[in-house]
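Residue numbers (this note's numbering), protein chains in the order written: chain A, 3 to 184; chain B, 3 to 184.
There are 2 protein chains.
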Amino acid sequence: MDRRRKKTRNAIFTAFTALLEKKTYSALTVQDIIDEADIGRSTFYAHFETKDELLKALCKDIFDHVFPSEIMSEEKHDFSHHSSFSDRITHILYHIREKQQNIKGLFTGECGEIFMGCLKEYLFRVFDDRLTEDSPVPRSYRLDHAVSSFAETLRWWLREHSEYSPEQISSFYFASVPIPKD
Amino acid sequence: MDRRRKKTRNAIFTAFTALLEKKTYSALTVQDIIDEADIGRSTFYAHFETKDELLKALCKDIFDHVFPSEIMSEEKHDFSHHSSFSDRITHILYHIREKQQNIKGLFTGECGEIFMGCLKEYLFRVFDDRLTEDSPVPRSYRLDHAVSSFAETLRWWLREHSEYSPEQISSFYFASVPIPKD
DNA sequence: ATAGTTACAGAACAAAGTGTCAGATAACTT
DNA sequence: AAGTTATCTGACACTTTGTTCTGTAACTAT
Chain A
3 MDRRRKKTRN AIFTAFTALL EKKTYSALTV QDIIDEADIG RSTFYAHFET
53 KDELLKALCK DIFDHVFPSE IMSEEKHDFS HHSSFSDRIT HILYHIREKQ
103 QNIKGLFTGE CGEIFMGCLK EYLFRVFDDR LTEDSPVPRS YRLDHAVSSF
153 AETLRWWLRE HSEYSPEQIS SFYFASVPIP KD
Chain B
3 MDRRRKKTRN AIFTAFTALL EKKTYSALTV QDIIDEADIG RSTFYAHFET
53 KDELLKALCK DIFDHVFPSE IMSEEKHDFS HHSSFSDRIT HILYHIREKQ
103 QNIKGLFTGE CGEIFMGCLK EYLFRVFDDR LTEDSPVPRS YRLDHAVSSF
153 AETLRWWLRE HSEYSPEQIS SFYFASVPIP KD
């Protein structure tokens, strides 16, 4: 990828994240981003069709870091030789905390819907093979519940309770959701 | 309240809900609502300052119906003589299903954030006194988890699994969340 | 019933944002 | 060194926004 392209893309991401600390997502205009990133109008549209596409691209960037391929279900075979499921969850929590500053503003406000939606897509793949087989409750419900609960746990954590450690958060989660820890 | 005011307010609500089935919330303009409701421009602004305020008002209207005062925690004393907590939950589920058509579009898309936020405010009051006292997990987390899980349960139900009865949904919920049923 | 109040329609308005397009310059690739 | 690609500046028509004005119709209270 062209250096110039990388540089501009990054400038847009940085401006976007910075602005989200001052304004809400819906109040944020493309014009604001252009001014903050100090780029030409057409340059923005050369990178992203809309504000929503920009947000989605940013989410993907973040989650590709938070969920490295060895943590995803598909590759779990290598991983599970070394560690339990709750270890995988704790790993994810550490990665989330690293990106805390970028993520915080995305949980709240109107962009939360898109951000949480993207987060859940990744989580579905993490939790998909962790459900017990026999239950009177539909599998679809249990998977949705495990995923949604974890996503909301992250939101609760970063919103106002970041004093807890990743290990503590993990224990809170497994104490509240019927998912085996290993 | 003035008849004319009620009538116009209702026309706006109706137009708004109707439009949400064709367009997403963020793509919806005040102009669209004005045209659909067939009212003057200044009339809209005489009722609501912004699109968001309109949405919030609609949410309040819906939830004041879904959560009648006798179901809310404050008034539980009268209620609990006759029925268990899971009965109260089932009552809520019936009310939700009644308003299904109005609610469905509000769960998804960009307005979901505001809608879910409003829903949770009501739910916090319903669940506040239903938590067990002694637990190693912080009370704040357990309350947030119970509320979020229930809100997401409703979303799951109406999104793609409305074939289940309120009683079934209630049983799925209590099977997955550590909250006493009575 | 009459007088006073309140809500609405219609139209006009400036201000701001949107998305696109052309031409010029600079940075990159081979 | 030549060709490609990304960016920049400026401009464009268009839509949306929120406000203000005037006249008219509907309501309320005495």
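Even for Gly, the Cβ is constructed at its ideal location relative to N, Cα and C. Please read these numbers as outputs of a predicted model, since none were measured by experiment.
Residue i classed as buried or exposed, judged by whether at least 16 other C-beta atoms fall within 10 angstroms
i, result
"residue 184/A", "exposed"
"residue 146/B", "buried"
"residue 148/B", "buried"
"residue 48/B", "exposed"
"residue 153/A", "buried"
"residue 5/B", "exposed"
"residue 53/A", "buried"
"residue 157/B", "buried"
"residue 96/B", "exposed"
"residue 11/B", "buried"
Beta carbon of residue i nearer than 9 Å to that of residue j
i, j, result
"residue 155/A", "residue 143/B", "yes"
"residue 61/B", "residue 117/B", "yes"
"residue 94/A", "residue 105/A", "no"
"residue 137/A", "residue 112/B", "no"
"residue 119/A", "residue 22/A", "no"
"residue 56/B", "residue 91/B", "no"
"residue 115/A", "residue 42/B", "no"
"residue 164/A", "residue 102/A", "yes"
"residue 178/B", "residue 151/B", "yes"
"residue 38/B", "residue 59/B", "no"
"residue 36/B", "residue 50/B", "no"
"residue 174/A", "residue 140/B", "yes"
"residue 182/A", "residue 132/A", "yes"
"residue 134/A", "residue 70/A", "no"
Which of helix, strand or coil DSSP assigns to residue i
i, result
"residue 119/A", "helix"
"residue 166/B", "coil"
"residue 55/B", "helix"
"residue 132/A", "coil"
"residue 106/A", "helix"
"residue 60/B", "helix"
"residue 174/A", "helix"
"residue 8/B", "helix"
"residue 71/B", "coil"
"residue 88/B", "helix"
"residue 181/A", "coil"
"residue 22/B", "helix"
"residue 152/A", "helix"
"residue 114/B", "helix"
"residue 13/B", "helix"
"residue 139/A", "coil"
"residue 46/B", "helix"
"residue 30/B", "coil"
"residue 35/B", "helix"
"residue 41/A", "coil"
The ligand MG heavy atom lying under 8 Å from the CB of residue i
i, result
"residue 122/B", "This structure does not include the ligand MG; it has no bound ligands of any sort."
Near-chain B residues of the region 45 to 72 of chain A - C-beta to any C-beta below 7 Å: none
Against chain A: residues of the region 121 to 144 of chain B by CB proximity under 9 Å: 137, 138, 139, 140, 142, 143, 144
Contacting positions in the region 92 to 117 of chain A - beta carbon closer than 9 Å to chain B: 110, 111, 112, 113, 114, 115, 116
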